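K.L.:
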Amino acid sequence: MSQVAAVEQHGHGELSFWRRYIFSVDHKVIGKQYLTLGLLMALVGGASAYVIRWQLAWPETPIPLTSWVPEPSMYEGQLDPNFYNQLVTMHGTIMVFFVAMPILLGGLGNFLLPIMVGADDMAFPRLNMMSFWTICTAAVVLISSFFVPGGAASAGWTGYPPLSDNPTYTGVYWGINLWLIALALEFSSFLMGGVNFLTTAINMRAPGLSFFRLPLMVWMQLTAAVLFMLSVGPLIGGAVMLLLDRTIGTTFFLPGGGGDPLLWQHLFWFFGHPEVYVVLLPGVGAVLEVLPVFARKPIFGYRTIIYSTIISGVLSFVVWAHHMFIAGIDPRLATPFSITTILISVPFAVMVFAMIVTLWGGSLTFPTPMLFALGFLVTFLVGGVTGIFNGSAAVDIYIHGTYFVVAHFHYTLFPTVFFGGFAGIYFWYPKMFGRMMNETLGKVHFWLTAISFNLVFIPMFLLGIGGHMRRIYNPMQYEFLRPLAPVNQFITVAAVILLLSQLPFIVNFFASMWWGKEAAANPWRANTLEWTAPSPPPHGNFETAPTVYRGPYEYSAPGAENDWLPQDRPIPAAAAAVRG
Amino acid sequence: MTSASMAAARTTDVMTGRVPSGKLGIWWFLASEIMTFGGLLASFVLCRFKAGGWEEQAAHVSTGIAAFNTLLLVTSSLTIVRAHAAAERGEREKAAKFLLYTVVLGLSFLSVKAYEYSGEIAHGFIPSAGLFWSFYYGLTGLHALHVFAGIVANFALYVAAHRVAVWPKVQQRVEYAGLYWHFVDIVWIFLFPLVYLS
Amino acid sequence: MTAESHHPSYLTIWIWLVMLLLVGLVVFLLPIGKAMAIFLIFAVAAVKAFLVARYYMHLKSETVLVLAIAGLPVLLLIGMALTLVPDIVFNH
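In order, the protein sequences belong to chains A, B and C. Sequential numbering of the first sequence, starting at 1, is according to my numbering. Sequential numbering of the second sequence, starting at 1001, is according to my numbering. Sequential numbering of the third sequence, starting at 2001, is according to my numbering.
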């Protein structure tokens, strides 16, 4: 049926352009809005990475394409050190809070969760809309901080006091205040989202859809929501304290006034560590949805994966001080936190193992979503393994604050957000936009990205072992880093290629919306409920609420007429009689 | 099928949980609020232990005024739970009356707080006067903001309770507003002794 | 959401809360050791919070899910606070 008819059927009458596309309460529209925000902010984050990388490779030379940036940030293409710190800070902040979370949770999560549970929308559609406009406001506040006197926040995405606490130390006054406000708004946005996700999944599942028949993507979104809800509180408190320190003269984190800088670090990382799993789990969820479809095999260890996810969620709350091993914490904390950190690698290893075994003996095909899913597996493995080095306090003493850490977290975050995220985008694009993306462009995008990504970040481990510190403006100032200059240059060239490799995706994403082949309801022959709805689904998602009869991964079931079996296909009468 | 009956079919088809969505949503929100205030309170307690008690700074807060404020807030919890009970029984006007009492008590709390702040500031006990004062203003200020938000919500419900057309929705929401208000009360129940009685 | 027939009246709970408030003030004014005073005062606060949660927020009759949502953060906080003691309280 046409979009307009579907909308009218729901008793809303004909909605204006503003109510349908801008101030919509439909979770699918809101999901696409989040996706758009995330992809746009990725351009900003990527641009800052470009400038950072160029500066590291050829310090204090003019950076191409930047002559338009005014003083005092850049002097005819030459980077000011303070602006460098701002770019480093904003790169991290934007990528974690305004790219990763909007794409994976706000975008994929919002779009998929109600449909995957068979509901017609979220439990609180207007709250959903408010959550998007809150994060939009947050993004505007954050970007505006570039244009205030003193520039944007420059104390790292971790914002440690006293550097971040006293404006005279960074030279930034409004920038960091706006940064704190933007973060507070972003946290509010995802708190609203978390309430929606959890309530929807608990209360609005279709008949027959028990928790252990839910797609793993839903489990991942729910776990991420719980982790976020329970971890962000202390940091909100800490952010209030930092803002008060900066504005009304309190001294929560200033030793001169009796405060403790270490308190901020504890509050930040108590949230910060669960946060990285908030980002990781939905990416893993996307991969877990893609793999069985293109292996035509059930996911291996469905319940094991769920239990591993829950265990890793619980453990994520007791590992945070591994970010603080050399911060001056009580040495007696080092060993317990090393132990918990190494323990947490176990559930993730189990998940990766399950994903690999899912492929074993499957009828594999390799369209673009599958390529990105496989790319995730390979690269995330590197990230996970290198986490063990960081997690052992003795080793961390040497590599903390070096490029080893930078390489490690890019080998976890990039696979999650970009390999997992792209796998999800390519996979669900037909459902979202009713068109197929171009396969050739997709494959070009994948191979260029995968190869250049590894060329950027593998050498970084070597830089780190060589003692190259992070967040420094000019490595050549240090005698012992001069021999590493060629490595930095190699990385930068690869980084430029990595950034350019996203062009095929940008072209593909937009061109396919108008000129892509029209998509059927279920182009990938998959089982979960979203594939039973039209592409794109109308307002209300389903004509009648589906009833679920089985789990989501019944591929190549013995005796079935097809190699796929949708969750809502009724059990034939004869078989039902046999089951009794 | 008309759109109304389609919608009805939908909501009865789905597996409705045993906890109404609004209540579940509020509780998840409260969980995050527990973490926020709890984090701040824990930081206060820990810093206070380290500093040796801040007795000299803390001597200048007025325990009497704060005890009175505690009485106000605790009573407002009583009035809002009475509002909820009345709403459950369908007694629209009684519920509205108790909502109004709650709003008045909440506003009184804030007025007392404002009076307290002005006295302290006049004596030079401003946020930068010491770490105790930093926490004092941070904790009570954030709490006061939450009280204000609750007053707004309760007042909105009070106004809505006079419109018979929206009464069924208001009936449900009195409970959720009450849960939030009780939480704000519980925060103060811990704040009061930790700040004023230690 | 049915009203239980056998719960103490809301007014009774209020009376308890006010009495506990007075107990707290008395403890504050008593000439007992500081550590003991703090422990008692905090215990009184905990009982008051428990009363509000159990009877005003109706946790007494709520499902396990709601109890978990309310209880987990409290446990987490206690864990976090205890872990921070070596660093924040005893750090030089």
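The C-beta atom is built at its ideal place from N, Cα and C for all residues, glycine as well. All of these numbers come straight from a predicted model, not from anything done at the bench.
Buried or exposed for F212/A, please, with buried defined as at least 16 other CB atoms from any protein chain shown within 10 angstroms of its CB.
P.N.:
It is exposed - the Cβ of F212/A has fewer than 16 other Cβ atoms within 10 Å.
K.L.:
In whole angstroms, give me the CA-to-CA distance for I491/A and L371/A.
P.N.:
Cα to Cα, the separation comes out at about 24 angstroms.
K.L.:
From V1104/B to H1182/B, what distance separates their C-alpha atoms?
P.N.:
If I take the Cα positions, the gap works out to 16 angstroms.
K.L.:
For Y2055/C, collect the residues of the same chain with a Cβ closer than 8 angstroms to its Cβ; drop the 5 residues on either side in sequence, then sort them by chain order.
P.N.:
If we look at Y2055/C and ignore the five residues flanking it on each side, its Cβ neighbours are H2007, P2008, Y2010 and I2013.
K.L.:
Within the 9 angstroms Cβ cut-off, does L263/A reach chain C?
P.N.:
L263/A counts as touching chain C.
K.L.:
Assess, as a yes-or-no matter, whether the segment 416-426 of chain A is touched by the segment 278-295 of chain A under the definition of 3 or more beta carbon pairs within less than 8 angstroms.
P.N.:
Cβ pair count under 8 angstroms is three or more, so yes.
K.L.:
Give, in chain order, every residue of the segment 1030-1041 of chain B whose Cβ lies closer than 8 angstroms to some Cβ of chain A.
P.N.:
Within the segment 1030-1041 of chain B, the residues whose Cβ lies closer than 8 angstroms to some Cβ of chain A are A1031, S1032, E1033, I1034, M1035, T1036, F1037, G1038, G1039 and L1040, listed in chain order.
K.L.:
Using the C-alpha atoms, what's the distance from V279/A back to S501/A?
P.N.:
Taking the straight line from one Cα to the other gives about 23 angstroms.
K.L.:
For the segment 513-533 of chain A, which residues have a beta carbon sitting closer than 9 angstroms to at least one beta carbon of chain B?
P.N.:
Result list empty, no residue passes.
K.L.:
When DSSP labels each residue in this structure, what does Y549/A get in the three-state scheme?
P.N.:
In the structure shown, Y549/A sits in coil (DSSP, three-state: anything other than H, G, I, E or B).
K.L.:
Mind checking the segment 2041-2073 of chain C against chain A and listing, in chain order, the residues whose C-beta falls within less than 8 angstroms of any C-beta there?
P.N.:
Hits within the stretch, in order: L2065, L2072 and P2073.
K.L.:
Give the DSSP-derived three-state secondary structure of M2019/C in the structure shown.
P.N.:
Helix at M2019/C.
K.L.:
Which ranges does the beta strand (DSSP E) cover as unbroken runs of at least 3 residues, wholly within the segment 1021-1060 of chain B, from first to last along the chain?
P.N.:
As far as the segment 1021-1060 of chain B is concerned, it has no whole beta strand (DSSP E) run of at least 3 residues.
K.L.:
If you measure between the beta carbons of G516/A and M432/A, is that distance less than 9 angstroms?
P.N.:
Not a contact, by the Cβ cut-off of 9 angstroms.
K.L.:
What is the rounded straight-line gap between the Cα of G387/A and the Cα of V548/A?
P.N.:
Rounded to whole angstroms, G387/A to V548/A spans 40 angstroms at the Cα level.
K.L.:
Whose Cβ in chain B lies nearer than 8 angstroms to the Cβ of L230/A?
P.N.:
Those within 8 angstroms of L230/A in chain B are A1031, S1032 and M1035.
K.L.:
With distances taken between CB atoms, is the gap from N1154/B to E1116/B smaller than 9 angstroms?
P.N.:
It is not a contact, given that the beta carbons lie outside the stated cut-off.
K.L.:
Measure the C-alpha to C-alpha separation of T36/A and F197/A and round it to an integer number of angstroms.
P.N.:
Whole-angstrom Cα-Cα distance: 20 angstroms.
K.L.:
Going along chain A, which residues have a C-beta under 8 angstroms from P2008/C?
P.N.:
Going along chain A, no residue has its Cβ under 8 angstroms from P2008/C, so there is no contact; the nearest lies around 31 angstroms.
K.L.:
The alpha helix (DSSP H) with V25/A in it runs from where to where?
P.N.:
Per DSSP, V25/A belongs to no alpha helix (DSSP H) and is neither H nor E.
K.L.:
With distances taken from CA atoms, which of F404/A, L104/A and S363/A is nearest E275/A?
P.N.:
Closest option to E275/A, Cα to Cα, is L104/A.
K.L.:
How would you list, in chain order, the residues of chain B whose beta-carbon sits under 9 angstroms from the beta-carbon of L2075/C?
P.N.:
The premise fails here: L2075/C is roughly 10 angstroms from chain B at the closest Cβ pair, so nothing lies under 9 angstroms.
K.L.:
Short check: CB of T368/A to CB of H445/A, under 9 angstroms?
P.N.:
Yes, these two residues count as a Cβ contact at 9 angstroms.
K.L.:
How would you label S512/A, buried or exposed, when you count the other beta carbons within 10 angstroms and need 16 or more for buried?
P.N.:
S512/A is buried by the Cβ-count criterion.
K.L.:
Using the Cα positions of I63/A and G45/A, report the straight-line distance between them to the nearest angstrom.
P.N.:
Near 17 angstroms, if we compare the C-alpha coordinates of G45/A and I63/A.
K.L.:
Under 9 angstroms Cβ-Cβ, which residues of chain C neighbour D245/A?
P.N.:
Near D245/A there are no residues of chain C at all, since even the closest Cβ is about 16 angstroms away, more than 9 angstroms.
K.L.:
Using DSSP with H/G/I as helix, E/B as strand and the rest coil, what is E518/A?
P.N.:
E518/A falls in the strand class under three-state DSSP.
K.L.:
Does any residue of chain C bring its CB to less than 9 angstroms from the CB of S1189/B?
P.N.:
Correcting the residue identity first, residue 1189/B is Ile in this sequence and not Ser. Yes, I1189/B counts as interfacial toward chain C.
K.L.:
Ordered along the chain, which non-local residues of its own chain (more than five positions away) have a Cβ less than 6 angstroms from that of A1004/B?
P.N.:
Note that A1004/B has pLDDT 47, beneath the 50 cutoff, so the model's placement of it is unreliable and the number below is only indicative. Nothing listed; no residue qualifies.
K.L.:
Three-state secondary structure (DSSP) at T1011/B?
P.N.:
Residue placement at T1011/B is flagged as unreliable, the pLDDT there being 42, under the threshold of 50; the coordinate-derived value follows with that caveat. If DSSP states are grouped into helix, strand and coil, T1011/B belongs with the helices.
K.L.:
Using a beta-carbon distance below 9 angstroms, is E241/A in contact with chain B?
P.N.:
Before going further, note that residue 241/A is Met rather than Glu in the sequence given. Taking Cβ atoms only, chain B reaches closer than 9 angstroms to M241/A, which makes this a yes.
K.L.:
Tell me the residue span of the alpha helix (DSSP H) that contains A321/A.
P.N.:
From DSSP, A321/A is part of no alpha helix (DSSP H); its letter is neither H nor E.
K.L.:
Could you list which residues in chain A have their beta carbon closer than 8 angstroms to that of I2088/C, in chain order?
P.N.:
Near I2088/C (Cβ distances below 8 angstroms), the residues of chain A are D260, L262, L263 and H266.
K.L.:
Would DSSP call M122/A helix, strand or coil?
P.N.:
In this structure, M122/A counts as coil in the three-state DSSP scheme.
K.L.:
Are N203/A and L1024/B closer than 9 angstroms when you measure CB to CB?
P.N.:
Taking 9 angstroms as the Cβ cut-off, N203/A and L1024/B qualify as a contacting pair.
K.L.:
Could you check the C-alpha separation between Y1196/B and R20/A for me, to the nearest Å?
P.N.:
For Y1196/B and R20/A, the distance between alpha carbons rounds to 53 angstroms.
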